[in-house]
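Trainee: For the sequence shown, UniProt numbering gives the first residue as 1, with consecutive numbering after it.
Just so it is clear, CB atoms sit at the ideal spot from N, CA and C, and this is done for glycine as well.
One structure, as structure tokens, below. Some questions next.
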Amino acid sequence: MSSAMLVTCLPDPSSSFREDAPRPPVPGEEGETPPCQPGVGKGQVTKPMPVSSNTRRNEDGLGEPEGRASPDSPLTRWTKSLHSLLGDQDGAYLFRTFLEREKCVDTLDFWFACNGFRQMNLKDTKTLRVAKAIYKRYIENNSIVSKQLKPATKTYIRDGIKKQQIDSIMFDQAQTEIQSVMEENAYQMFLT
1 MSSAMLVTCL PDPSSSFRED APRPPVPGEE GETPPCQPGV GKGQVTKPMP VSSNTRRNED
61 GLGEPEGRAS PDSPLTRWTK SLHSLLGDQD GAYLFRTFLE REKCVDTLDF WFACNGFRQM
121 NLKDTKTLRV AKAIYKRYIE NNSIVSKQLK PATKTYIRDG IKKQQIDSIM FDQAQTEIQS
181 VMEENAYQMF LT
């Protein structure tokens, strides 16, 4: 093919390249969208945004090899303890989904209810109502939580509510018992 023929097949270089045309994405950043710039309309020029690297760095300042899990990845933290799993929003969500499938999500709900109750102000008038609601929902009936609590623990909570002797740690023993059951059973199954 002659060079004259080749030139006629190619488009005019001055018509296909524009300096204000968007540049192709950097490899590895194809899915990222540029941040919105309010107030910028057609024909207005914006300042170039500084480019930053999202590469994780280790102690030596070198990025981690692609495909290698970080030593502090969420998955690694979740395997350390049930508290680490429940302290992470994604971990708690995935564990809850797992417990729903296993038909024992009430254990997790009770655990979080105890945490919330512990943080309540005892002078608040609704604290007694919340204690009664937790007792009714999880302990008084024959639920999965109630079946896993020691009789003495259930009696202690019931008596405290009847006498209206509410304190922030009244559910702590029950929470500890349920946590032990979750750690021994559901948490181990979740990890495998």
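1. If I measure Cβ to Cβ from I157 and keep anything under 7 Å in the same chain, skipping five residues before and after, which residues do I get?
2. Within this structure, are the beta carbons of F190 and F110 separated by less than 7 Å?
3. Just tell me which of T155, N141, L128 has its CA closest to the CA of S168.
4. Using beta-carbon positions only, say whether L99 and A92 come within less than 7 Å of one another.
5. May I have the straight-line CA-CA distance separating S84 from Q148, to the nearest angstrom?
6. Assuming I178 is part of the alpha helix (DSSP H), what are its boundary residues?
Mentor: Once the coordinates are examined:
1. Numbered from its first residue, the sequence shown carries residue 157 at position 157. Y135, I139, M170, F171, A174.
2. The count along the sequence shown starts at 1 and reaches residue 190 at position 190. The count along the sequence shown starts at 1 and reaches residue 110 at position 110. With contacts defined by Cβ atoms closer than 7 Å, F190 and F110 do not form a contacting pair.
3. Start at 1 with the first residue of the sequence shown, and residue 168 comes out as number 168. Of the listed residues, the one whose Cα sits closest to S168 is L128.
4. Counted from its first residue, the sequence shown places residue 99 at position 99. Counted from its first residue, the sequence shown places residue 92 at position 92. No.
5. Counting from 1 along the sequence shown, the entry for residue 84 is found at position 84. Counting from 1 along the sequence shown, the entry for residue 148 is found at position 148. Between S84 and Q148, the C-alpha separation is close to 23 Å.
6. Residue 178 sits at position 178 when you count from the first residue of the sequence shown. Its alpha helix (DSSP H) spans residues 172-184.
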